[in-house]
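Trainee:
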Amino acid sequence: MRFHVVKRDNCPLWKKLTWYLAAVAAALVLGGLLLLALGVNPVAYYSRMFTMGMVGNKIAYKTFENYLKVFVPLALTSVALSLAFKMRFWNIGGEGQFILGAVAAATVAMKLGPVLPGALTLILMCLAAMLCAGLYGAFVAVLKVKFGTNETLMTLMLNYVALYFITFLGETQAPWNFYLDPASVRPIFASFSKIVAFPKIPMGKFGLNVCVIFTFAIGALVYIYLRYTKQGYEIAVVGDSAGTAHYAGMKVNAIVLRTVFLSACLIGLAAAFKVGTAGILSTSITDDVGWTGIIVAWLSQLNTAAIFVVSALISMLRYGSTVAATTFSQVDSSFANMLQGAILFLVLAADFLTRFRVVPVQKGGKANGHG
Amino acid sequence: MAEQAYAIEMRGITKTFGSVVANKEVNLTLRQGEILALLGENGSGKTTLMNMLSGIYKPDSGEILVDGKAVSIDSPEDAKKLGIGMVHQHFKLVDVFSAADNIWMGKEKAGFTLKKDRYDQVGEMVKKFGFDIDPRKKVRNMAVSEKQTLEIIKVLYYGAKVIILDEPTAVLTVQEIQKLFEVLRRMKEQGHSIIIITHKLNEVMDISDRVAILRKGEYITTVNTAETSEQALTEWMVGRKIDLNIDRPIVEKKKPLLEIRDLTIRNDEGAVAIDHVNFYIRGGEMLGVAGIAGCGQKELCEAIAGLRPIESGLMIHQGDNIVGLSPKAILEKGISMSFIPEDRLGMGLAPSMSITDNMILKNYGETKGPFVDRKAGRQAAEHVVQELGVVTPSTETPVRRLSGGNVQKVLLGREIKAGPNVIVTAYPVRGLDINSSYAIYNILNEQKKSGVGVLFVGEDLDVMLALCDKIMVLCHGKVMGVVHAHKTTKEELGLMMTGALDLTRKYEDKPAGYARDTNITPEELEELNRAKEGEED
Amino acid sequence: MDMDKLGVVTSFIHNIVVYNIPLLYGTVGEIMVEKSGSLNLGVEGIMAVGAIFGYIVGCYANSLAVGVFTAFLMGALCGLLFAALTVSLQANQNITGLTLTTFGLGVYFFVGNGLKAVKWPAMNDYANIKNGFADIAIPGLSQIPVLGKGLFSHNILVYLAVVIALVMWWYLNRTGPGLRLRAVGENPGAADSVGVNVKRTKYIHICLGCGIMGIGGYYMGLNMSGSFSSSCWINGYGWIAVALVIFANWNPALAILGTFVFGFFNTLRVSGSSLAAAFPGPLGWLAAVPTQLYQALPFIITAIVLVATSVRKREGSGLPAALGLNYFREER
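Residue numbers (the numbering used here), protein chains in the order written: chain A, 1 to 371; chain B, 1 to 537; chain C, 1 to 332.
#1: So, for residue 238 of chain A: in the same chain, excluding its five sequence neighbours on each side, which residues have a beta-carbon less than 6 Å away from its beta-carbon?
#2: With 16 as the cutoff for other CB atoms within 10 Å, does residue 207 of chain B come out buried or exposed?
#3: Go ahead and label residue 163 of chain C buried or exposed: buried means 16 or more other beta carbons lie within 10 angstroms of its beta carbon, across all protein chains shown.
#4: Could you spell out where the alpha helix (DSSP H) holding residue 462 of chain B opens and where it closes?
#5: With distances taken between CB atoms, is the gap from residue 180 of chain C to residue 191 of chain C smaller than 8 Å?
#6: At a CB-CB cut-off below 7 Å, which residues of chain B make contact with residue 193 of chain C?
#7: According to DSSP, is residue 277 of chain B part of a helix, a strand, or is it coil?
#8: Rounded to whole angstroms, what's the CA-CA distance from residue 280 of chain C to residue 168 of chain A? Just pull it up for me.
#9: For residue 231 of chain C, collect the residues of the same chain with a Cβ closer than 8 Å to its Cβ; drop the 5 residues on either side in sequence, then sort them by chain order.
#10: Tell me, please, whether the CB atom of residue 231 of chain C is closer than 8 Å to any CB atom in chain A?
#11: Compare the C-beta of residue 167 of chain C with all C-beta atoms of chain B and state if any pair is closer than 8 Å.
#12: Check whether the stretch 70-87 of chain B touches the stretch 54-62 of chain B, counting contact only when three or more Cβ pairs, one atom from each stretch, lie closer than 8 Å.
#13: Look at the Cβ atom of residue 192 of chain A, then the Cβ atom of residue 110 of chain A, and state whether they are nearer than 8 Å.
#14: If you run the structure through DSSP and keep just helix, strand and coil, what is residue 179 of chain A?
#15: Looking only at its chain, what residues have a beta carbon closer than 7 Å to the beta carbon of residue 25 of chain C, apart from the 5 residues adjacent to it on each side?
#16: Alpha carbons only, please: which of B:372, B:374, B:454 is nearest the one belonging to residue 412 of chain B?
#17: Please check the pair residue 283 of chain A and residue 166 of chain A, which I expect to be a contact at CB under 8 Å, by giving their CB distance rounded to whole angstroms.
#18: Return the chain-ordered list of same chain residues with a C-beta closer than 8 Å to the C-beta of residue 253 of chain B, the five sequence neighbours on each side being excluded.
#19: State the DSSP-derived secondary structure class of residue 216 of chain B, mapped to helix, strand or coil.
#20: CA-CA distance, residue 333 of chain B and residue 287 of chain B?
#21: For residue 394 of chain B, count neighbouring Cβ atoms within 10 angstroms of its own Cβ and tell me buried if that reaches 16, exposed if not.
#22: Since residue 20 of chain C and residue 259 of chain C are thought to touch, with beta carbons under 8 Å apart, how far apart are those beta carbons, to the nearest angstrom?
#23: Beta-carbon separation of residue 141 of chain A and residue 257 of chain A under 8 Å?
#24: Between the stretch 89-108 of chain C and chain A, which residues of the former have CB atoms less than 9 Å from a CB of the latter, in chain order?
#25: Output needed for residue 78 of chain A: all residues of its chain with C-beta closer than 6 Å, excluding positions within five of it in sequence on either side, in chain order.
#26: Beta-carbon within less than 8 Å of residue 198 of chain A's beta-carbon, same chain only, minus the 5 sequence neighbours each way: which residues are those?
#27: Where does residue 27 of chain B fall in DSSP's three states?
#28: Note down, in chain order, each residue of its chain lying with its Cβ closer than 7 Å to the Cβ of residue 264 of chain C, except the 5 sequence neighbours on either side.
#29: Is it the case that the Cβ atoms of residue 407 of chain B and residue 399 of chain B are separated by a distance below 8 Å?
#30: According to DSSP, is residue 82 of chain A helix, strand or coil?
#31: For residue 219 of chain B, decide whether its Cβ has a neighbour in chain A, counting only Cβ atoms nearer than 8 Å.
#32: For residue 70 of chain C, is the classification buried or exposed, using 16 other Cβ atoms within 10 angstroms of its Cβ as the cut-off for buried?
#33: Taking only three categories from DSSP, how would you classify residue 287 of chain A?
#34: Taking the C-alpha atoms as reference points, what is the distance between residue 323 of chain B and residue 504 of chain B?
#35: Look at the alpha carbon of residue 112 of chain B and the alpha carbon of residue 402 of chain B, and state the distance between them as a whole number of angstroms.
#36: At the level of alpha carbons, what is the spacing between residue 546 of chain B and residue 303 of chain B?
As structure tokens, then:
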């Protein structure tokens, strides 16, 4: 019996979801097997991971606050990346854009923070971060549009340039380097959390960082933007068929540029949120959000609402594994990366089944099914 | 005497793509050592049929026999093993490789190391077949005709006994065609069997032993070339005239809306697609454009819509020169163009988006404010769905999920909603059933009655004869004539399409394509003539 | 020049090779993968996987050959995963590759950190590994002053890398299978039409290429004397390899040169200060250059090369025309 692979016309949403959930479940099972091999009870581990150790925890609210600190940048970055991906512009430069945004925000915080009122500083931090990150991304878009430069590789390179830039700031003791803590002998970044920080809304002992609210608001705005505005419509058309967009008189290059700039801007904003909350720079300020964001965006099929859900779950996974690592010391926190990878591989495999059908072919020149 | 098995026999072959029946119960026989011409208009299914012999498609039902034995051809590799080789219309060559390497890469016993003597081996073989190609020359440096030759050599090199050529002469000069025919005759003497897909009747008469004719996916007949004539072949190709009962309202003609003068356009490969063409369209008139696939219709439509730059000539719309304008500007002038390509989801529609979203494609920018007005779009969509009978679950269904015919209805419906004064529509009823087709004809007639000028590029001569006022025939980018539909015959059109008849000089005082009451100013004509003289230097 | 200064230069050249040979493995492996038409962004992860498993198994088997073989095998396994997803299941190559990086690095840290609790094999305990990794002086050539010790007195894995690179160059340009591989990467439709088995060709060469990357990772592990703490992982070597492929114009022989160029700047970071001390006049300024600039230099150079090649519209470029595209025969 030979097989013939044929493209599917259409796959209903419930079928897709079923396949994807099955893939996630399979990944969890595989992870569970690995845990067993290490002598760890998978159920115990997973329950600790997915509840992030909040059950029976007196300071559970603190845990939740920390969880949100992972969730906010990831959700916002994923939304930003999805904008670019919708137009098939592979913005792999999330890491670099985030770093530049962070540095810009920190600069404003440290230089203008002492002088201006808090709220104004925060706003300027966000704007500076957005501008710097936006330009960093737009730069690559210009190269792509004008010369056809491969944006995947270019943004990748710029990631490392940005990384070493921030490393430079963090390790070079020199009179001009105001980023460093003057009191310390070894070079470490100075903290500015006392100068300026995003306010929290107290809800009992739990403090809800306003950035969380902003992030949801921005998510809603992006959703509306994509669905209801002319620019959103243009993005959809360009991403679907650049030929059709051109035929309809759209200026495809301008649209690409504009959207990539916007995408990078939002990543800068995510960085500003993180920096304004943490109050200090760090060479690992990104916490790999540029990479994870790509996976989240793809898993969510670039749907804004889905991104929030998937970000919440992946954040749970990532943060939860660091929490679980304290209890289960044999299981390193990089278990999360492995699990994430396994989930994605299996979803990629499941995706094949939603896009294609495998048709058995009988010998003798006859085929079942239509071409 | 025992009858020798056919080299190739295809019995009852049917192939469907979605709802389109490309081949329906087709029978074909190829005798050993003969040259068979496969003749038919576009859409008749010739290439699809041959692709099943070459292993690219699999038939839905039917049998294929090679040398009398039933076989299953699942891949190009299988075809190669069976001794079937096909030279495709779109070349399958690796640009950065040399000629020799393009051949060598498929060689079974190529040996692990590449020896320098492969160039000599290939060179010798090339000479043996009477061709003249430098085996070391890189494909990307080759002219189109050289690449064609290389494809033919490739197939011969693999020892194909049955060779299929898909429109091989389309890119060759007269001398090269003669050389090709010599080669084909020599191959025939050496025992090869050849199928040549072609439109050119004179070549059919020249080279083939028998001719098989397909029409609209169905097999018509096979005749001995010696016993037939170009006239007879044309009749089989286009069929007897069918009375279609399509309305042709007589509308009072207005001044020419669009005038094309001396237009020359190049295609993507750099060859001339439209060659010094003249024609005009009046308001309230429907001008049909007939011609074999690839005679330049696509490039002409794209140029009028502003999607393709022209090389020289004038395009005057209501007195204004529209050459060089952006697609948007041309839309604003009231010229609407819809082109239904073979895959039907080419330009014009965004496949993953809904009908509503596709309806607002051309006018979404006109609403005030940043938001898109989907309500108006939805209304327009519902209107089109109702009027044209589009079969769809809703107006929000992605266009990609609609069946072929319905996609076209949406496309045309959208064009008309924009209220144009010139409609350029190419293959609007491609693949549609009778009722949908009539709905489209009615719409076009309504537009004509309200004073719109319609340029109708079509495949079905019967329809054009019934529907259009005048018909312009293109052949290899040149106008062969502009005739009144009610005064011409299908045979005449067929002959013009294949280049056998040229009516442009029929009326001495009234050269085809020039309007008496032209809008073109004398200055513009001056300019044009000067440019032409410069060209001829 | 006095002997001391000569010693510094020799040491510098020696270090260029020592620290940057993994780049050559990664680049050459990725060239093979990309020539088949697949852009594999998972190099970093695959090298990590090769490193960790090669090291552990090699140590316990007390054999360098076993280590190399294991690293190759694990790398090829990752390649198999990549091929299965992108060739058979038509998955997006970018996403698959990036996931492979995350996953591979995850495995690396998981096993590396986790097994610390068990018993981590120390390289020096295993004589065969330690000796196997010792420098071998090529007779004759290594006597050349300065260059001799710098270039021709290295451990066997270094020589192996150069041999692999040269063999691959020969394979791509002078053999039948190499010709077919290139055809698949340039125009899979053309290759298919003459009967080349596109799928099988891609699978084989993706696995081979990823296996080679794995060996590079193993080398890195040995070079770190098997300490495997996360700070020792040379960040970004996998990405530099992806960049080097472009810089070397997809030519494995040029990759050797490219490794030197990139390695030169990379090693300046480490040895810059000693060079500046030895030659204060002409090279004194080297000590003042921030290390991070050296670290960023490979990426900056590649970015420039990327732009330059796209401006020139890739005339004479080794870029496979069908790179990054999945092949599906019945596209209609």
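Virtual Cβ for every residue (Gly too), placed ideally from N, Cα, C.
Mentor: This is what the structure gives:
#1: 87, 245, 252, 255
#2: buried
#3: exposed
#4: 461-467
#5: yes
#6: 76, 92
#7: strand
#8: 24 Å
#9: A caution first: residue 231 of chain C carries a pLDDT of 49, below 50, which makes its placement in the model unreliable, though a value can still be read off. Around residue 231 of chain C: no qualifying Cβ.
#10: Low confidence applies to residue 231 of chain C: its pLDDT is 49, below 50, so where it sits in the model is not reliable, and the reading given next is rough at best. Chain A, which has no Cβ nearer than 8 Å to the Cβ of residue 231 of chain C, makes this no.
#11: no
#12: yes
#13: yes
#14: coil
#15: 161, 212, 213, 215, 216, 219
#16: B:454
#17: 6 Å
#18: 282, 283, 284, 285
#19: coil
#20: 20 Å
#21: exposed
#22: 5 Å
#23: yes
#24: 89, 90, 91, 92, 94, 95, 96, 98, 99, 100, 101, 102, 103, 104, 105, 106, 107, 108
#25: 293, 296, 297, 307, 311
#26: 122, 209, 210, 211, 273, 276, 277
#27: strand
#28: 16
#29: yes
#30: helix
#31: no
#32: buried
#33: coil
#34: 25 Å
#35: 51 Å
#36: This structure does not reach residue 546 of chain B, given that chain B is present from 1 up to 537, and the question cannot be answered.
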